[in-house]
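Trainee:
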Amino acid sequence: MVFLWRVLPRGFRFSSWLRRQDCVRGSIVTSRGHYSTQTEPHIPGMEYQDAVCTLNTLQTNASALEQVRQERGHPQLQLQAMIGFLTRAGLTVEELDHLNIIHVTGTKGKGSTCAFTEQILRSYGFRTGFYSSPHLVQVRERIRINGQPIGKDLFTKYFWQVYGRLEETKDAHGGTMPAYFRFLTILAFHVFLQEKVDLAVIEVGIGGAYDCTNIIRAPWVCGISSLGIDHTQILGDTIELIAWQKGGIFKTGVPAFTVRQPETAMAVLSDRAQEIKCPLRVCPELEDYQLECGSLHLGLAGQHQHSNASLALQLTYTWLQRRCFPDKDFTSTSVGFFGVTPAAAFKPSPIMVKGQLGLADTEWPGRNQSLKHGAVTYFLDGAHTRRSMLACVNWFRETATQHERNASGPVCRVLLFNATGERDSAAMLKLLVPCHFDFAVFCPNITEAIASCNADQQNFNVSVENMLTRCLDNERSWRLHNSPEDCEDPQFLIKASLPLVTEKKTDTLVFPCILSALQWITQGRDSVLAHTDVLPVKPSVMAKAAPLREATEIHILITGSLHLVGGVLKHLDLNSSK
14 MVFLWRVLPR GFRFSSWLRR QDCVRGSIVT SRGHYSTQTE PHIPGMEYQD
64 AVCTLNTLQT NASALEQVRQ ERGHPQLQLQ AMIGFLTRAG LTVEELDHLN
114 IIHVTGTKGK GSTCAFTEQI LRSYGFRTGF YSSPHLVQVR ERIRINGQPI
164 GKDLFTKYFW QVYGRLEETK DAHGGTMPAY FRFLTILAFH VFLQEKVDLA
214 VIEVGIGGAY DCTNIIRAPW VCGISSLGID HTQILGDTIE LIAWQKGGIF
264 KTGVPAFTVR QPETAMAVLS DRAQEIKCPL RVCPELEDYQ LECGSLHLGL
314 AGQHQHSNAS LALQLTYTWL QRRCFPDKDF TSTSVGFFGV TPAAAFKPSP
364 IMVKGQLGLA DTEWPGRNQS LKHGAVTYFL DGAHTRRSML ACVNWFRETA
414 TQHERNASGP VCRVLLFNAT GERDSAAMLK LLVPCHFDFA VFCPNITEAI
464 ASCNADQQNF NVSVENMLTR CLDNERSWRL HNSPEDCEDP QFLIKASLPL
514 VTEKKTDTLV FPCILSALQW ITQGRDSVLA HTDVLPVKPS VMAKAAPLRE
564 ATEIHILITG SLHLVGGVLK HLDLNSSK
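Below, the structure written as structure tokens:
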């Protein structure tokens, strides 16, 4: 077990805490036998958590893992399997045609594009459905009706309807159940059909061609946001291979739009469009749109949001044309050329840009988000690729500098960072160095050390020990980027344990959970965190915090992982957990 001697005091039994964490995780898995396969839950007062705990079993169940192994070399099987699960749940791909879908993929900005798109169309009075991933605090955030996560009662009701149908038919299909994301995608389609939405904005999970959302056969319009390198083990390690995957959402005769892409990626998208016979248009710059007066104002901060907003304008304009002129054939294949052409910079309507729910008032938590709690200001952005981190750095430096100009005294800057999976955390940390943080703090995506009933943020796909090892690796990378001499010959503090760097007077710390990190950084100066039990730390670590106590303001950038951002928001926004 890992003992974080630099943070925790000598009486703290971290090994027992680790066991509690794994025990909680294990109890969720093994309790599956207590759940009914009927369409309604049967445990009073625990219906929603019961549903989420059951959902979590789909993260690691043997059949789901076997599906992944079988399909890895034959990705086309993924769509066949998804259609099979959809049928078992009582739905058909033909029914999805009635959802009037806007299908969006991309590496960076696809969620923000969907948020802009959904809010614009909702401002016109349409009843909207919106499916996105991942969630920040509660899993029901992934499925939204009219911009709001579906309620716990509604989630629970529809969850058991879908789960019950799949459970009842699994013996006839080799005992298979859909994996976590597949199940949620089926659930979203079911919810949108039952709730009779006018349209559904569907964000692709990973890639496009073989993503489980791509069973959609007749979307009204498709969009591709900015492309970059991510999920290389699944999509490939070049921008061309990734562009090929993203272009897989194109459908014959269905209008598609993309933001400006690297030249080689655009060439691949053009080839895909011609192959599929899809009219593909490149969005203009946001500044090119014709306004009655002034300039466009966006509810989401950051220069990089401009291209997302332009893409959203094109998607909504095209969808509205088809809705308002149903007799016109917008899916005609009579056009002689299918490839890339420029999209027109039309004149946006007042509703699009200035309505109560238009571009100006769009919100998308966890992306370029600022929260001020007294003397503590949190800057949250779930950037997890090099390109998105560069955009995050530009946003943070500009925004934090503006806050610092208004401060009445010294400001302490703190980085709270974590990265997961195959992400190149060393490259992201290098981009963060110019922000000149006073402290760099690292923690896993574990919300708190005390076991709780919050199953929404459970992740069974990586062990707690592996999470902490990754944190230590991230800390070492930060030290290398800042002061290479601090990283020579790390000492083994305990035999047969993980190697930890020597205790030094440095600006880096590793904490075992998000709450303990926040408590140390804020030093009791955020009243929202005051009600929580404080995890004890070594006196020397508390002494390090003197600059935090003495500063007029504390500015904290939380980045590297949307799951980290979600864990932070769980503690900062108490309403998000209700």
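Numbering (my numbering) for the sequence shown: 14 to 591.
Note that the Cβ used here is the ideal one computed from N, Cα and C, for glycine as well.
1) Rounded to whole angstroms, what is the Cα-Cα separation between LEU372 and HIS310?
2) Which of the three DSSP states, helix, strand or coil, is assigned to PHE129?
3) What does DSSP give as the partner residues of SER239 in its beta bridges?
4) How would you call GLY640, buried or exposed, if buried means at least 16 neighbouring beta carbons within 10 angstroms?
5) Measure the beta-carbon distance from HIS148 to ARG155 and round it to whole angstroms, keeping in mind my assumption that it falls under 8 Å.
6) If you measure from the beta carbon of LYS183 to each beta carbon in chain D, is any gap under 8 Å?
7) What three-state label does DSSP hand VAL581 in the structure shown?
8) Ordered along the chain, which non-local residues of its own chain (more than five positions away) have a Cβ less than 6 Å from that of VAL217?
9) Do you know whose CA, among ALA231, PHE430, PRO191, lies nearest LEU445's CA?
10) Where do the ends of the alpha helix (DSSP H) carrying VAL65 lie?
11) Please determine, among GLY177, ASP243, PRO525, GLY422, the residue with the shortest C-alpha to C-alpha distance to SER401.
12) Apply the 10 Å Cβ neighbour rule to SER283 and answer buried if 16 or more other Cβ atoms are within range, or exposed otherwise.
13) Is the segment 578-588 touching the segment 525-532 in the sense that three or more CB pairs, one from each, lie closer than 8 Å?
14) Is the segment 379-387 in contact with the segment 536-546, if contact means three or more CB pairs nearer than 8 Å?
15) Sort LEU575, GLN287, LEU428, ASP469 by Cα distance to LYS165 and report the nearest one.
16) With DSSP as the reference, identify every bridge partner of GLU566, one or two as the case may be.
17) So what does DSSP say about GLN72, is it helix, strand or coil?
18) Where in the segment 180-262 do unbroken runs of the alpha helix (DSSP H), each at least 4 residues long, occur, reported from the N-terminal end onward?
19) Can you tell me the Cα-Cα spacing of GLY221 and GLN258, whole angstroms?
20) CA-CA distance, CYS235 and ALA325?
21) Considering only residues of the same chain and omitting the five flanking positions on each side of GLN369, which have a CB-CB separation below 7 Å?
22) Going by C-alpha distance, which of CYS405, LEU531, GLY312, ALA453 is nearest GLU461?
23) Comparing alpha-carbon positions, which option in LYS551, GLU563, THR482, THR521 lies nearest THR535?
24) Buried or exposed for GLN151, please, with buried defined as at least 16 other CB atoms from any protein chain shown within 10 angstroms of its CB.
25) Under a Cβ-count criterion, where at least 16 other Cβ atoms within 10 Å of its own Cβ denotes burial, should PHE392 be classed as buried or exposed?
26) Taking the DSSP output, what are the residues bridged to THR141?
27) In whole angstroms, what separates the C-alpha of LEU481 from that of ILE571?
28) Rounding to the nearest angstrom, what Cα-Cα distance links GLY422 and ASP520 in this structure?
29) Report back the beta-carbon spacing between ILE228 and LEU99 to the nearest angstrom; my notes put them in contact at under 8 Å.
30) Within the continuous beta strand (DSSP E) that includes ARG294, where are the two ends?
31) Can you tell me whether VAL267 is buried or exposed, with buried defined as 16 or more other CB within 10 angstroms of its CB?
32) Can you find at least 3 beta carbon pairs, one from the segment 93-109 and one from the segment 173-180, that sit closer than 8 Å?
33) Ordered along the chain, which non-local residues of its own chain (more than five positions away) have a Cβ less than 6 Å from that of GLN274?
34) For a quick check, are the C-beta atoms of MET365 and ILE115 less than 8 Å apart?
35) Keeping to the same chain, check which residues put their C-beta closer than 7 Å to that of ILE252; ignore five residues upstream and five downstream.
36) Measuring alpha carbon to alpha carbon, tell me which of ALA94, ALA280, ASN487 ends up nearest HIS186.
Mentor: This is what the structure gives:
1) For the purposes of this step, residue 372 is taken as the residue at position 359 of the sequence shown. For the purposes of this step, residue 310 is taken as the residue at position 297 of the sequence shown. Looking at the two C-alpha atoms, the distance is approximately 7 Å.
2) For the purposes of this step, residue 129 is taken as the residue at position 116 of the sequence shown. Helix at PHE129.
3) If you number the sequence shown from 1, residue 239 lands on position 226. Per DSSP, LYS121.
4) No statement about residue 640 is possible, as the shown extent of the chain runs from 14 to 591 and does not include it.
5) Residue mapping note: residue 148 aligns to position 135 of the sequence shown, counting from 1. Residue mapping note: residue 155 aligns to position 142 of the sequence shown, counting from 1. Yes, they are in contact, since the Cβ atoms of HIS148 and ARG155 sit about 5 Å apart, within 8 Å.
6) No chain D is present in this structure, which holds just one protein chain.
7) Walking along the sequence shown from the start, residue 581 turns up at place 568. Correct three-state label for VAL581: helix.
8) Looking up residue 217 in the sequence shown gives position 204. For VAL217, where only same-chain residues beyond five positions count, the Cβ hits under 6 Å are THR118, ASP224, THR226.
9) Against the sequence shown, residue 445 aligns to sequence position 432. It is PHE430 whose Cα lies nearest to the Cα of LEU445.
10) As a first step, residue 65 is located in the sequence shown; it is residue number 52 there, counting from the start. Here the alpha helix (DSSP H) through VAL65 covers 60-69.
11) Working through the sequence shown from its first residue, we reach residue 401 at position 388. With distances taken between Cα atoms, SER401 lies closest to ASP243.
12) Taking the sequence shown and counting its residues from 1, the one referred to as residue 283 is at position 270. Burial call: buried.
13) yes
14) yes
15) Counted from its first residue, the sequence shown places residue 165 at position 152. Between LYS165 and the set LEU575, GLN287, LEU428, ASP469, the nearest pair of CA atoms involves ASP469.
16) The residue you call residue 566 lines up with position 553 of the sequence shown. GLU566 pairs with VAL424.
17) The sequence position of residue 72 within the sequence shown is 59, counting from 1. Secondary structure of GLN72 (DSSP, three-state): helix.
18) Runs found: 193-207, 245-248, 252-259.
19) Residue mapping note: residue 221 aligns to position 208 of the sequence shown, counting from 1. Residue mapping note: residue 258 aligns to position 245 of the sequence shown, counting from 1. Distance between the alpha carbons of GLY221 and GLN258: 5 Å.
20) The sequence position of residue 235 within the sequence shown is 222, counting from 1. The sequence position of residue 325 within the sequence shown is 312, counting from 1. Cα-Cα distance, rounded: 10 Å.
21) As a first step, residue 369 is located in the sequence shown; it is residue number 356 there, counting from the start. The predicted position of GLN369 is uncertain, since its pLDDT is 47 and thus under 50; a value taken from the coordinates is nonetheless stated next. Only SER136 meet the Cβ criterion.
22) By one-based count along the sequence shown, residue 461 stands at place 448. Checked all of CYS405, LEU531, GLY312, ALA453; the closest Cα to GLU461 is LEU531.
23) As a working note, residue 535 is residue 522 in the sequence shown. Here the closest residue by C-alpha is GLU563.
24) Residue mapping note: residue 151 aligns to position 138 of the sequence shown, counting from 1. Buried.
25) The residue given as residue 392 occupies position 379 in the sequence shown. Result: buried.
26) As a working mapping, residue 141 is identified with position 128 in the sequence shown. Note: THR141 sits in a beta bridge opposite LEU212.
27) Taking the sequence shown and counting its residues from 1, the one referred to as residue 481 is at position 468. Taking the sequence shown and counting its residues from 1, the one referred to as residue 571 is at position 558. Their Cα atoms are separated by approximately 17 Å.
28) Here residue 422 is taken as the residue at index 409 of the sequence shown, counted from 1. Here residue 520 is taken as the residue at index 507 of the sequence shown, counted from 1. In a straight line, the C-alpha of GLY422 is about 21 Å away from that of ASP520.
29) Locating residue 228 in the sequence shown gives position 215, where the first residue counts as 1. Locating residue 99 in the sequence shown gives position 86, where the first residue counts as 1. Sure, about 7 Å apart at Cβ, within 8 Å.
30) Reading the sequence shown from its first residue, position 281 is the one you call residue 294. It spans 293-295 - the beta strand (DSSP E) in which ARG294 sits, taken as one unbroken run.
31) What you label residue 267 is simply residue 254 of the sequence shown in a count that begins at 1. With 16 or more Cβ atoms within 10 Å of its Cβ, VAL267 is classed as buried.
32) yes
33) Position 261 of the sequence shown, counting from 1, holds the residue named residue 274. Only LEU240 meet the Cβ criterion.
34) Position 352 of the sequence shown holds residue 365. Position 102 of the sequence shown holds residue 115. Result no, Cβ atoms of MET365 and ILE115 do not sit closer than 8 Å.
35) The count along the sequence shown starts at 1 and reaches residue 252 at position 239. For ILE252, where only same-chain residues beyond five positions count, the Cβ hits under 7 Å are LEU240, ILE242, PRO275, THR277, ALA278.
36) In the sequence shown, residue 186 corresponds to position 173, counting from 1. Looking at the Cα atoms, ALA94 is the closest of the given residues.
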